[in-house]
Every structure is written in C-alpha cells, then in structure tokens.
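Read through the structure below, which is laid out as structure tokens, and then see the notes.
Residue numbers (the numbering used here), protein chains in the order written: chain E, 27 to 371; chain A, 25 to 133.
Encoded structure:
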C-alpha cells in the first residue's frame, strides 16, 4: 500500500515536471519571437535606408541637388531611431541564451521544494503549483501564513507579467486598505524589489525551488523605505477625503455620509457641535459659519438656506427683514401722502 | 671574465624561474576543479567556476561572497544543506540565496 502511494506520488511529480518543462519551452519560444519582431523591425528600417540611398544616388546623377538634400534630411531624422533600434536588437541578440533544463532537473527541483517547504500543492483547475509559508510576523504585527502560487500556464508570459500570486491565508490587512495583506503585496501581486531580476532568472532557468525560496524570503523581510503601506500605519484608518492614514483615536466620523475623516477634512456644527466632513458641512451665507443640515432652515421670502440663528422669529433672513422694513416704510409714506391728495379745492 | 660568469648566473636563474612558473601552472591545472555556482543575490549568477581542491564550503563562501555573513544566506550543495566543513567535490552544485531580500512598493506607470 505504501509502495503504491509512493509510486502514485512519483507519477504525479513526473507529470508536473513535464508540465513545467513544456511551459519553459513556451517561454523560450516567446523570447525568440520577441527577437524575431525586433529583427523584422530592424530589417524594415534597413530596407528604408537602402531605398533612400538609391534615391540619393539617382538625385545626384541627375543634378537634382534640392531632392538630394531632402533625402539627406530624411535620413538624418531617421538616424536617431535607427541607432535606438540597432542597440535594442544588439541587446536582445547578445542576451544570455538560457539552456532549457532536463526533465530530471525539474523533478529534482520539485523534490527539493517538498524538502524545504513540506507539501507542494497542485491546483489542476488553475494548473498552478503552490507552497505555504509559516505564519509571518513583521515588527510584532502578525500577518498570517501566505500561499505562493505559481501559475504554470502563465510562465510563458514572464517577460510581460508576473506568473505568480501571493495569497494571504489568514489575512490581517492594513486598516486603510483591505487589499493590502503584506507591506510588499497588493492585489495578490508581490513587489519583488531587490529580488526582481533574480526571481525572473530563476524561473527562466527552471530553478523553481530558488524562486519559491526568494519569494518567501521577500515576504519574511520588511523594507521600511519602500512599503506599499508602512507597518507603522498598519492599524490605522484611511481618511475618506484625502486618503491619509490616521489612528482610530484621531479620526472623525461623519454621520451624514457614514465615513471617517482626518481633522483637516472635517469640521463641526457651530450650533449643535456635531462632527461632520467638509462636504456635508453647510456654510451659512450670512454668518459664514459651518453648520449641519439639521441646523439650517429656509428663509420664507427668498427661500435661501441659512443657519437657524440667522433667521428671525418670522423665519426671515437679515436681507429680507430689511427689505420688509423698507417696504413697510414706503407703504406708510404712501398712506400719509394720500389724504393731501383728497383734500377739497 | 667576471661579466661572463654573472651573465651565465643570470641565465641560470632565469631558467629556474621559468621552470618554477611552468611547474606552478602544471600544479595549478592539476589541483583545480569545476563546480556549478548559483548566486541568487542581486542580479543573480549561474555558471561554472574553477576552485582549488579541498576547498570547503565555508572557504568558498568567504571567497565568492565577500562582505556577507553566512547567517544571512541559505547555502545548499547538490540541493542539500551541508556542514561548514564540507569539502567541495568536482561537479558539485552550490546555491547561495540571501534570506533577507527587500521588497518594494509596486509602482504602476
């Protein structure tokens, strides 16, 4: 029974090794296609230069000096592009030729991964292999264990995208952003930093154990100079307006929009002292003080909104009060003038 | 006469030095061996290197990873952990991976 289980396990590892070898083959083809594209581009530019040279020769032979000068200025304009494409072509052609590993090497890599990390998990739906780390604690903040998942089908896109993801198994995300479960991880993408080149080199050469080792070592190391979210701000809350991270003691809750804000992005009602964000605060046009919407009312005449303090007992703002007084005074004057007009001749 | 003697002594010394150099080169060719060295720090390096016979893994680390501490690296020979005094053999595969690799903040262009 044990022997059967062992044989079954070996068969799985060999099948997995074959899948990985196929993906490395596709990766090599992708690199060669890249060289082919650049070579074709370079060839087109060479043929353009050849055409220009024929035109130039014909122009000089026929004494068309103005046309010859036009050809020269076109060639001159294209020279800068030409040197860039030439340099790019040289770099690609001279880049190290990675030798594909043998099946036995990849099998040995998988055995080593099992020895270093325990079990290798194979997700047959996603065609991905993964290892699980021990629970990670950085600066006394527990972040939980992580799963480093390498997608076999995505290895061929190594030069344009990262073929692996970091999944938090017992996430303790940053207070200001649920998507950040590690200072150097965002949306399950690892920010490789110093390990970027060597990780890609390891995958390219089929050194999968080295890849997993480096990914785990990055997760276990905190770089305070360049985290996505600093561990000092890990337990904080993000201001909904400006996005800065604040501690839970320094944040202000706006009950009108149900969000948290920092002191710079919040205010309080001058009438009822309710905390609110600057967006929900209303500036009274009369006294210019911030008030909440519960402490405002409309003027009965002009229907503009004021704080309740700036409206009189009749619900009129100062301007409308003055307007009313003026109107009353005018009416009184008119009334006092009318009897003189009716006096007998 | 004295000049001729001095000249012959100089020629003889020259021969001795030359022979010594030849012997040294012969000895050198005889006592080096080739191993595969994979260095996962920085930009990475994976190639064959020549080392002297009877070089221990400790000595190899001191030569190739100058300024670095062994405690800061994961060292494997032929995919296995080995003691410090392990003597490297012809064809061995040595991998050195730093345990502290600093990540960064993802910058989206």
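Backbone N, C-alpha and C define an ideal beta-carbon position, used for all residues, glycine too.
Rounded separation between residue i and residue j - CA only
i                      : j                      : result
residue 95 of chain A  : residue 64 of chain E  : 44 Å
residue 128 of chain A : residue 224 of chain E : 15 Å
residue 276 of chain E : residue 66 of chain A  : 42 Å
residue 268 of chain E : residue 291 of chain E : 7 Å
residue 298 of chain E : residue 264 of chain E : 26 Å
residue 36 of chain E  : residue 247 of chain E : 34 Å
residue 371 of chain E : residue 326 of chain E : Low local confidence applies: a pLDDT of 45 at residue 371 of chain E is under 50, so the model's placement there is unreliable, and no value is given.
residue 358 of chain E : residue 347 of chain E : 16 Å
residue 266 of chain E : residue 273 of chain E : 13 Å
residue 162 of chain E : residue 108 of chain E : 51 Å
residue 333 of chain E : residue 251 of chain E : 49 Å
residue 50 of chain A  : residue 79 of chain A  : Confidence at residue 50 of chain A is low in this model, with a pLDDT of 49, below 50, so the placement of that residue should be treated as unreliable; the coordinate-derived value is given next. Using only the alpha carbons, I get a separation of about 19 Å.
residue 257 of chain E : residue 288 of chain E : 19 Å
residue 148 of chain E : residue 181 of chain E : 15 Å
residue 158 of chain E : residue 97 of chain A  : 21 Å
residue 111 of chain A : residue 75 of chain A  : 11 Å
residue 36 of chain A  : residue 30 of chain A  : 10 Å
residue 170 of chain E : residue 164 of chain E : 10 Å
Proximity test, Cβ basis, 8 Å: residue i and chain A
i                      : result
residue 219 of chain E : yes
residue 202 of chain E : no
residue 33 of chain E  : no
residue 93 of chain E  : no
residue 228 of chain E : yes
residue 273 of chain E : no
residue 76 of chain E  : no
residue 150 of chain E : no
residue 174 of chain E : no
residue 233 of chain E : yes
residue 243 of chain E : yes
residue 240 of chain E : yes
residue 130 of chain E : no
Residue closest to residue i, alpha-carbon to alpha-carbon, out of the options
i                      : options                       : result
residue 302 of chain E : E/197, E/311 and E/278        : E/278
residue 281 of chain E : E/300, E/274 and E/296        : E/300
residue 60 of chain A  : A/125, A/122 and A/113        : A/113
residue 187 of chain E : E/226, E/334, E/142 and E/206 : E/226
residue 112 of chain E : E/61, E/358 and E/92          : E/61
residue 71 of chain E  : E/153, E/106 and E/219        : E/106
residue 146 of chain E : E/271, E/38, E/217 and E/229  : E/38
residue 172 of chain E : E/142, E/166, E/241 and E/130 : E/241
residue 51 of chain E  : E/34, E/231 and E/84          : E/231
CB contact check: residue i to chain E, cutoff 8 Å
i                      : result
residue 125 of chain A : yes
residue 98 of chain A  : yes
residue 121 of chain A : yes
residue 58 of chain A  : no
residue 74 of chain A  : no
residue 34 of chain A  : no
residue 95 of chain A  : no
residue 67 of chain A  : yes
residue 133 of chain A : Any reading at residue 133 of chain A must be qualified, since the residue scores a pLDDT of 43, below 50, and its modelled position is unreliable; the value itself is stated next. Residue 133 of chain A does not count as touching chain E.
residue 81 of chain A  : no
residue 50 of chain A  : Unreliable positioning characterises residue 50 of chain A in this predicted model, as indicated by a pLDDT of 49, which lies under 50. The coordinate reading is nonetheless provided below. No, residue 50 of chain A does not count as interfacial toward chain E.
residue 103 of chain A : yes
residue 113 of chain A : no
residue 64 of chain A  : yes
Beta-bridge pairing of residue i - partner residues as DSSP gives them
i                      : result
residue 141 of chain E : Paired residue(s): none; residue 141 of chain E is not in a bridge.
residue 237 of chain E : In DSSP, residue 237 of chain E forms no bridge with anything.
residue 379 of chain E : Past the boundaries of the shown model lies residue 379 of chain E; chain E is included only from 27 to 371, so the question cannot be answered.
residue 170 of chain E : E/162
residue 309 of chain E : E/316
residue 83 of chain E  : Residue 83 of chain E pairs with nothing; no bridge assigned.
Residue i beta carbon near the ligand PLP (any heavy atom closer than 7 Å)
i                     : result
residue 80 of chain E : Ligands displayed in this structure: none; no statement on the ligand PLP is therefore possible.
**Asked** Can at least three beta-carbon pairs, one atom from the segment 210–221 of chain E and one from the segment 133–146 of chain E, be found at a separation below 8 Å?
**Response** no
**Asked** Do the segment 97–104 of chain E and the segment 65–80 of chain E make contact, defined as three or more Cβ pairs closer than 8 Å?
**Response** yes
**Request:** Flag this pair as touching only if the segment 74–87 of chain A and the segment 172–189 of chain E have three or more C-beta atom pairs under 8 Å; answer yes or no.
**Result:** no
**Request:** For the segment 45–55 of chain E and the segment 195–203 of chain E, state whether three or more C-beta atom pairs, one from each stretch, are separated by less than 8 Å.
**Result:** no
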